[in-house]
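Sequence lines, in order, name chains A and B.
Under full-length UniProt numbering, think of the first position of the first sequence as 1, with each following residue one higher.
Under full-length UniProt numbering, think of the first position of the second sequence as 1, with each following residue one higher.
Positions of the beta carbon are idealized from the N, C-alpha and C atoms, including for glycine.
Predicted model only: the values in this text are computed from it and were never measured.
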Amino acid sequence: MNGVSAGNGALAPGRTESTESASLQRFPKLRLTRLAATECDFTLSDTDISVANALRRAMIASVPTMSIDLVTIYVNDSPLHDEFVAHRLGLVPLRSDTAEYFNYNRDCDCTQSRIAALSGNPMEATNCEKCSVEYILDVTCPPDGELEEMNVTSRHLQMDPRYFDGPAYVRAVVPIHRPDQPWELAPDSSRDRTSADAGIVICKLRRGQRLYVRCIAKKGTGREHAKWSPVAAASYRMDPSVRLDLGRINAVLSSEQKRLIVKMGGGALRVEANVVTGDVEIVEDEAYLRGRIEISNDCLRELQFALEEAGQNPFQLITLSRGSDAEGQRTFYFTLESTGVLPPEAIVQSSFRVLIEKILSLVPCLRDEAESHSIALNQDLSYLLLSYEQRRNQQERLQMAIYGNLPGGMTQTVGAAGAFGTTQYAGPFSTPAIATGSATALYAQGQTGYTPRYAGEAVAAATPYAAYQNLAAGAWGSQDLTGTLRTPQFGGADAARWSTGVTTGDQFPISGNSVAGAEQEDQPPPPPPPLPQ
Amino acid sequence: MADDNLPDRFESIVLPEGVKKLRYVPDTRLPNCASFVIEREDHTLANALRAQLLRDRNVLFAAYRVPHPLEHHVILKVQTRRSEYTPLEALCAALVALKNEIHVLEDEFANELQNWAAVRKAGIDAGNAAWRT
Numbered sequence: 001m002n003g004v005s006a007g008n009g010a011l012a013p014g015r016t017e018s019t020e021s022a023s024l025q026r027f028p029k030l031r032l033t034r035l036a037a038t039e040c041d042f043t044l045s046d047t048d049i050s051v052a053n054a055l056r057r058a059m060i061a062s063v064p065t066m067s068i069d070l071v072t073i074y075v076n077d078s079p080l081h082d083e084f085v086a087h088r089l090g091l092v093p094l095r096s097d098t099a100e101y102f103n104y105n106r107d108c109d110c111t112q113s114r115i116a117a118l119s120g121n122p123m124e125a126t127n128c129e130k131c132s133v134e135y136i137l138d139v140t141c142p143p144d145g146e147l148e149e150m151n152v153t154s155r156h157l158q159m160d161p162r163y164f165d166g167p168a169y170v171r172a173v174v175p176i177h178r179p180d181q182p183w184e185l186a187p188d189s190s191r192d193r194t195s196a197d198a199g200i201v202i203c204k205l206r207r208g209q210r211l212y213v214r215c216i217a218k219k220g221t222g223r224e225h226a227k228w229s230p231v232a233a234a235s236y237r238m239d240p241s242v243r244l245d246l247g248r249i250n251a252v253l254s255s256e257q258k259r260l261i262v263k264m265g266g267g268a269l270r271v272e273a274n275v276v277t278g279d280v281e282i283v284e285d286e287a288y289l290r291g292r293i294e295i296s297n298d299c300l301r302e303l304q305f306a307l308e309e310a311g312q313n314p315f316q317l318i319t320l321s322r323g324s325d326a327e328g329q330r331t332f333y334f335t336l337e338s339t340g341v342l343p344p345e346a347i348v349q350s351s352f353r354v355l356i357e358k359i360l361s362l363v364p365c366l367r368d369e370a371e372s373h374s375i376a377l378n379q380d381l382s383y384l385l386l387s388y389e390q391r392r393n394q395q396e397r398l399q400m401a402i403y404g405n406l407p408g409g410m411t412q413t414v415g416a417a418g419a420f421g422t423t424q425y426a427g428p429f430s431t432p433a434i435a436t437g438s439a440t441a442l443y444a445q446g447q448t449g450y451t452p453r454y455a456g457e458a459v460a461a462a463t464p465y466a467a468y469q470n471l472a473a474g475a476w477g478s479q480d481l482t483g484t485l486r487t488p489q490f491g492g493a494d495a496a497r498w499s500t501g502v503t504t505g506d507q508f509p510i511s512g513n514s515v516a517g518a519e520q521e522d523q524p525p526p527p528p529p530p531l532p533q
Numbered sequence: 001m002a003d004d005n006l007p008d009r010f011e012s013i014v015l016p017e018g019v020k021k022l023r024y025v026p027d028t029r030l031p032n033c034a035s036f037v038i039e040r041e042d043h044t045l046a047n048a049l050r051a052q053l054l055r056d057r058n059v060l061f062a063a064y065r066v067p068h069p070l071e072h073h074v075i076l077k078v079q080t081r082r083s084e085y086t087p088l089e090a091l092c093a094a095l096v097a098l099k100n101e102i103h104v105l106e107d108e109f110a111n112e113l114q115n116w117a118a119v120r121k122a123g124i125d126a127g128n129a130a131w132r133t
């Protein structure tokens, strides 16, 4: 290497400094080769491995999703101990299209929320509808029923009605029973419980046993715990870096050796009969040439030995290339498999956003450090700083769009007409698992018999998944996007439409409920919602 | 409890109060050389930045290390060839280049999604779609 004193002489001739800095910019290419409900393949080229790896790591560990994080166990008669049940519940995937709208629980000021006001003791609220979703799992295997034992599955998870009546983005967080589950706004779990698609088994119950837990789902990333990782698999492959001089190899080896090598090649090589000589020949498979298959080390080792036996120098016939050009750029074949919590394309887009946020988070500090060490920066940081500020305010603006500018957030919003008293409870569905008729049982019953009053209305179109439907319909570019939000499904216009789904207010009269939580110190079951007569 | 001294899980993500995201530590022994201590970041960002810095002809040396798995910062060391081009500037250029690169990727992906939707809408078999070339 040149010493420090080399200065400008180290630069390539004819390249001035200005073109140097400009040439740092690359224009990588990305081609989508497959897009299914939960899987997606794409090809990344004209960039190097650091970018590909950053993308992969961001997809695995940095994309925010929702997952059950806190479980309160009231009754657990099941064979699994409490921690076991809690862990299994944490791993249940929850639809996370709307995770963008949630705060992180650690950043959230829950005392200002509607849930806090409902609890009667707002100052002690540790979670709220801005940062979490609550589920109730109350299943009893009937003591005198015909069932000897039953499965408790993800279909038994019922959203807490206090949250269910909250904003649409909270309601959208539902358990994913299978990865390609179609989008449902409020799946009525009692209907298809008997269907073949039974959901994710959490535990089993024998006759007369009961499992009663409350789960709090929070926003997080895979960095914190793998349950928040939205991908089942995210990986990339590179172009093959082994080149074989097949003309000379074929001339040297016997046909038995060729057959053996092809067998060990794992699909990368094929044998073909040469019509002229009548001998078999090794040919490279097309899938191998296109980089779909890698040649195994065992095969190369065998080939090396065979060539040595034949008196050839194997290193002249087998070339290990870097598979990349001088700049280290090569092609990466990504395979992405979602767990179902997010569509694969949303995972990719979210990971881009995460990477940009990571980069931008350094910029203000970079400026401060330059100032404090009195180093003159020739570059103009104002553009970067501006986009940093915009990104940072994004969450705030989303919530503004939903909750309005009122200090009390949702508690102050004027609600719609649908109060609890007028809601149809105790519909035709009665859960056979609940025979006791206690308050909590009715609680769950009310939930299953709950007629979703938003169904079929504009809210369905306002869910972010609808953005993907629009995409399929070719309406991607026609959406009204604000300049700073680069991803359509979370655009400002969407956020505004979301607020149309928000109805609160007199369903939950704050004054009437403020005493409800006072004497709840030692009673584990949560306060049931006001029941209609 | 067994996990009494268990660190909080979010410690590797959340920047504590009063800690700078990026610290500039000039190297006293080498000219034009400095370390950057980047808090609450890992290989994801550090490796990408290092690769961008190495593409810069004015950068003589760039490397990073993660000092310990329980310390959630990376140390990025940069040495430039000329005193007029400080490591801080080199890092700045690398940040800009990386950010623009990801923006390019973002746009490419959005385009591809649009193409995909168009192809799907037209009912063309995705396996041998013309736009794939």
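Cβ-Cβ separation, residue j to residue i (assumed contact under 8 Å), whole Å
| i | j | result |
| --- | --- | --- |
| D138(A) | Y236(A) | Actually they do not touch by this definition, with Cβ atoms about 44 Å apart. |
| V173(A) | V231(A) | Contact doesn't hold; Cβ gap of about 18 Å is too wide. |
| R50(B) | H72(B) | Incorrect: roughly 18 Å between the Cβ atoms, too far for contact. |
| V63(A) | L89(A) | Contact doesn't hold; Cβ gap of about 21 Å is too wide. |
| V85(A) | C203(A) | 6 Å |
| I295(A) | V242(A) | 5 Å |
| L205(A) | S78(A) | 6 Å |
| S35(B) | L76(B) | 7 Å |
| T221(A) | A61(A) | 6 Å |
| W228(A) | T38(A) | Rounded, the Cβ-Cβ distance is 17 Å, inconsistent with contact. |
Proximal residues of chain A, C-beta to C-beta of residue i below 8 Å
| i | result |
| --- | --- |
| I38(B) | L362 |
| N100(B) | Q25 |
| I75(B) | Those do not exist, as I75(B) stays about 14 Å from chain A at its closest Cβ, beyond 8 Å. |
Limits of the unbroken beta strand (DSSP E) element including residue i
| i | result |
| --- | --- |
| I38(B) | C33 to E39 |
| V119(B) | Unbroken run through V119(B) is the alpha helix (DSSP H), P87 to K121; no beta strand (DSSP E). |
| P26(B) | L22 to P26 |
| E272(A) | L269 to A273 |
| L24(A) | Looking at the DSSP string, L24(A) is not in any beta strand (DSSP E), and its letter there is neither H nor E. |
| T44(B) | Counting along the chain, T44(B) falls outside any beta strand (DSSP E), though it belongs to the alpha helix (DSSP H) covering H43 to L54. |
| K218(A) | R210 to G220 |
| M123(A) | First-last for M123(A): undefined, no H or E at that position. |
| V75(A) | T65 to N76 |
Residue range of the unbroken alpha helix (DSSP H) whose run includes residue i
| i | result |
| --- | --- |
| L91(A) | Premise fails: L91(A) is in no alpha helix (DSSP H) and is neither H nor E. |
| C128(A) | C128(A) -> no alpha helix (DSSP H), and no H or E assigned at all. |
| K258(A) | S255 to M264 |
| C108(A) | Segment: none, C108(A) is in no alpha helix (DSSP H) and carries neither H nor E. |
| F102(A) | Premise fails: F102(A) is in no alpha helix (DSSP H) and is neither H nor E. |
| S83(B) | Unbroken run through S83(B): none, as it is neither H nor E. |
| A62(B) | No alpha helix (DSSP H) holds A62(B); the beta strand (DSSP E) holding it covers V59 to R65. |
| L300(A) | N297 to E309 |
| E371(A) | P344 to S372 |
Within chain B, the residues that residue i reaches when beta carbons sit closer than 9 Å
| i | result |
| --- | --- |
| L377(A) | T86, L88, E89 and C92 |
| Q349(A) | E106, F109, A110 and L113 |
| K258(A) | Those within 9 Å of K258(A) in chain B number zero; the least Cβ separation is about 33 Å. |
Contacts that residue i makes with chain B (C-beta to C-beta distance below 7 Å)
| i | result |
| --- | --- |
| P51(A) | Note that residue 51(A) is Val in the sequence shown here, rather than Pro. Ordered by position in chain B, the residues that pass the 7 Å Cβ test against V51(A) are A48 and E101. |
| D48(A) | A51 |
| C365(A) | K20, K21 and L22 |
| R330(A) | By Cβ distance, chain B contributes nothing, its closest Cβ being about 13 Å from R330(A), past 7 Å. |
Residues that residue i contacts on chain A, provided the C-beta gap is smaller than 9 Å
| i | result |
| --- | --- |
| S12(B) | R223 and E224 |
| H43(B) | N53, A54 and R57 |
Residue i: contacting residues in chain A (beta-carbon distance under 7 Å)
| i | result |
| --- | --- |
| A62(B) | Here the premise fails: no neighbours, minimum Cβ distance about 11 Å. |
Interface residues of chain B facing residue i [CB-CB closer than 8 Å]
| i | result |
| --- | --- |
| A370(A) | Y24 and L88 |
When you check each C-beta in the region 18-29 of chain B against every C-beta of chain A, which residues fall closer than 8 Å? Going along the region 18-29 of chain B in chain order, one finds K20, K21, L22, R23, Y24 and P26 with a Cβ nearer than 8 Å to chain A.
Could you please tell me which residues of the region 28-42 of chain A, in chain order, have their CB closer than 9 Å to any CB of chain B? Contact annotation: in the region 28-42 of chain A, residues whose CB is within less than 9 Å of a CB in chain B are P28, K29, L30, R31, L32, T33, R34, L35 and F42.
Output, in sequence order along the chain, the residues in the region 129-141 of chain A whose CB is closer than 9 Å to any CB in chain B. Flagged: no residues at all.
Within 8 Å, do at least three Cβ pairs link the region 326-345 of chain A to the region 257-271 of chain A? Taking a contact to require three or more Cβ pairs closer than 8 Å, the region 257-271 of chain A and the region 326-345 of chain A do not qualify as touching.
Is it true that the region 376-391 of chain A meets the region 353-360 of chain A, where meeting means three or more beta-carbon pairs spaced less than 8 Å apart? Between the region 376-391 of chain A and the region 353-360 of chain A, the count of Cβ pairs shorter than 8 Å is three or higher; the stretches touch.
Taking three-plus beta-carbon pairs below 8 Å as touching, is the region 197-205 of chain A in contact with the region 151-160 of chain A? In this structure the region 197-205 of chain A lies against the region 151-160 of chain A, because at least three pairs of beta carbons, one per stretch, are closer than 8 Å.
With three or more C-beta pairs closer than 8 Å as the rule, is the region 49-69 of chain A touching the region 42-60 of chain B? In this structure the region 42-60 of chain B touches the region 49-69 of chain A; the number of beta carbon pairs closer than 8 Å is three or more.
I want to know whether the region 246-265 of chain A touches the region 274-283 of chain A - three or more CB-CB distances under 8 Å. A contact exists between the region 246-265 of chain A and the region 274-283 of chain A.
Relative to chain B, which residues along the region 62-74 of chain A have a C-beta separation below 8 Å, given in chain order? Result list: S62.
Does the pairing of the region 98-105 of chain B with the region 64-84 of chain B give three or more beta-carbon distances under 8 Å? Touching, no.
Spell out a yes or no on whether the region 370-379 of chain A and the region 87-100 of chain B are touching, meaning 3 or more CB-CB pairs, one atom from each, closer than 8 Å. Flag = yes, the region 370-379 of chain A and the region 87-100 of chain B touch.
Segment contact flag, the region 104-124 of chain B with the region 29-38 of chain A, C-beta cutoff 8 Å, min 3 pairs: With the rule of 3 Cβ pairs closer than 8 Å, the region 104-124 of chain B counts as touching the region 29-38 of chain A.
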